[in-house]
Amino acid sequence: MHLFRAASRAQGGELNAQEAIDRLALTDLVMRYCRGIDRRDFDLVRSLYWDDAVDDHGEMFCGSPDEYVAWLPTVLEPLDCTVHAISNSFFVIDGDIAEGEHYSVNFHRTRAEPRQEIIIHGRYLDRYERRDGVWKFARRKIVFDHGYVHPVKEEGLAQAGADAPHGSDDRNDPSWSFPLLAGAAK
66 MHLFRAASRA
76 QGGELNAQEA
86 IDRLALTDLV
96 MRYCRGIDRR
106 DFDLVRSLYW
116 DDAVDDHGEM
126 FCGSPDEYVA
136 WLPTVLEPLD
146 CTVHAISNSF
156 FVIDGDIAEG
166 EHYSVNFHRT
176 RAEPRQEIII
186 HGRYLDRYER
196 RDGVWKFARR
206 KIVFDHGYVH
216 PVKEEGLAQA
226 GADAPHGSDD
236 RNDPSWSFPL
246 LAGAAK
């Protein structure tokens, strides 16, 4: 069995070492985005886009990285928790250009009463460019596939989280006490 067999249809064979390195770099880019959004680390989010990139969240937002990062606090403020989880990821790499499709489940819990959980099943469609040896987003588009909204079951939430430190969407989250994670935007 070959660890990297048949992962690149564009090249029709096994991954070479550079393709494997590129896939790891692109996967890290996508994971950093999720961390940046969920921990409200907007400097990290901004660092993942080229200056001339476009983020397209459909009718909600479409614009430059600076505009996107300026929009995020407003759209995320009503939410006390978000979790952006990536499952299937598929990359096609052609030199310094790549595209990716990532299935995601995005969980959102509102602050205001009556509190609600909004779960979105969708995909990110990305275009990446490598410039000066660094991969970043050149375009990011969201696609909605399925979703639902239901009330927060406060008793169950309290019971499930009774014995563990609680996460938060700010610098009080336990992950900020890990210096390497806290410096991810650097």
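In this text, residue positions in the sequence shown follow our numbering: the first is 66, and each later residue adds one. We treat Cβ as the ideally placed atom computed from N, Cα and C, and that holds for glycine. Everything numeric in this text was worked out from a predicted model, so none of it was measured.
Check, Outcome
"Nearest-angstrom Cα separation, counted from Y193 out to D131", "17 Å"
"Nearest-angstrom Cα separation, counted from P230 out to D260", "Because residue 260 is not part of the residues shown, which for the chain are 66 to 251, the question remains open."
"Where N153 falls, given that 16 or more other Cβ within 10 Å makes a residue buried", "exposed"
"Local Cβ density within 10 Å of A118, reported as buried at 16 or more and exposed below that", "buried"
"Classification of H173 by the beta-carbon crowding that lies within 10 angstroms, buried from 16 upward", "buried"
"Beta-ladder partner(s) of N237, from DSSP", "For N237, which the question treats as bridged, DSSP gives no partner whatsoever."
"Which listed residue (A85, K218 and L141) has its alpha carbon closest to that of V235", "Correcting the residue identity first, residue 235 is Asp in this sequence and not Val. Answer by Cα proximity: L141."
"Y98 beta carbon less than 7 Å from that of L113", "yes"
"Three-way DSSP call (helix, strand, coil) for D106 in this model", "coil"
"Assigned exposure category for L91 - 16 Cβ within 10 Å defines buried", "buried"
"Buried/exposed call for A163, threshold 16 Cβ in 10 Å", "buried"
"Closer than 6 Å: A229 CB and nearest the ligand SAH heavy atom", "Annotation note on the ligand SAH: not contained in the displayed structure, which lists no ligands."
"Secondary structure of G248, DSSP reduced to three states", "coil"
"Local Cβ density within 10 Å of Y189, reported as buried at 16 or more and exposed below that", "buried"
"Buried or exposed (CB count within 10 angstroms, at least 16 for buried), Y133", "buried"
"Nearest to A135 (by Cα), restricted to the options H149, G123 and R111", "R111"
"Own chain, CB closer than 7 Å to Y213, minus 5 neighbours either side, in chain order", "I184"
"Continuous beta strand (DSSP E) stretch holding D187: start and end", "The residue asked about is misnamed: residue 187 is Gly in this sequence, not Asp. First-last of the beta strand (DSSP E) with G187: Q181 to R196."
"7 Å Cβ cutoff met for G187 and V157", "no"
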